[in-house]
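Q:
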Amino acid sequence: MTDTKKLETFGVIDPGTNILLEVVRAPSAIDAVRRLETSMRGADYVAARDYAQGGEESLNGTDPVYLVYALDDSGLDAEGLARDDAGLVRESADEVGVFVSSPKAVS
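Residue numbers (our numbering): -12 to 94.
#1: Name the residue from Arg12, Ser45, Ser26 whose alpha carbon lies nearest to the alpha carbon of Gly(-2).
#2: Between Val95 and Gly48, how many whole angstroms is the CB-CB distance? I'm expecting something under 8 angstroms.
#3: Would you report the Cα separation of Glu44 and Gly67, rounded to the nearest angstrom?
#4: Have a look at Tyr38 and Arg21 and give me their C-alpha separation to the nearest angstrom.
#5: Buried or exposed: Ala80, going by 16 or more other Cβ atoms within 10 Å of its Cβ?
#6: Given a cut-off of 9 angstroms on the beta-carbon distance, is the pair Ala69 and Leu58 in contact?
#7: Can you tell me which of the three DSSP states Thr25 falls into?
#8: Would you mind giving the Cβ-Cβ distance between Val10 and Gln40, rounded to the nearest angstrom? I have them listed as a contact below 8 angstroms.
#9: Would you call the CB atoms of Tyr56 and Pro2 closer than 9 angstroms?
Written out as structure tokens, the structure is:
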């Protein structure tokens, strides 16, 4: 028997522009950020990155940062959300956290 994770629906927001970048179904928030960057930048880019949950201080860094919100049980129509709905997502959904995409350390 295989262990399957339940997919959840996440809204990924660029905090700098306050734009809803994508609504993603994924097993975790970090997977949602990986899927977003795969679609935006490609698999090679993602393979060279590390992903971690950061804090508010991460918003001041130089690496790409994303705000991730849980859309399940938020009352929002995830399929009907558009880029300009970031404010609505921030008001209505629970924040999962701040996630950072940084280059992998070269050994």
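Ideal placement from N, C-alpha and C gives every residue a C-beta, glycine not left out.
A: For this structure:
#1: Of the residues Arg12, Ser45, Ser26, the one whose Cα lies closest to the Cα of Gly(-2) is Arg12.
#2: Residue 95 lies beyond the residue range present for the chain, which begins at -12 and ends at 94; the question has no answer from this structure.
#3: Whole-angstrom Cα-Cα distance: 32 angstroms.
#4: Note on geometry: alpha-carbon atoms of Tyr38 and Arg21 lie some 8 angstroms from one another.
#5: Classification for Ala80: buried.
#6: Not in contact: Ala69 and Leu58 (Cβ atoms no closer than 9 angstroms).
#7: In this structure, DSSP gives Thr25 a helical state, which the three-state scheme calls helix.
#8: By a beta-carbon distance limit of 8 angstroms, Val10 does not contact Gln40. Their separation comes to about 20 angstroms.
#9: No, they are not a contact pair.
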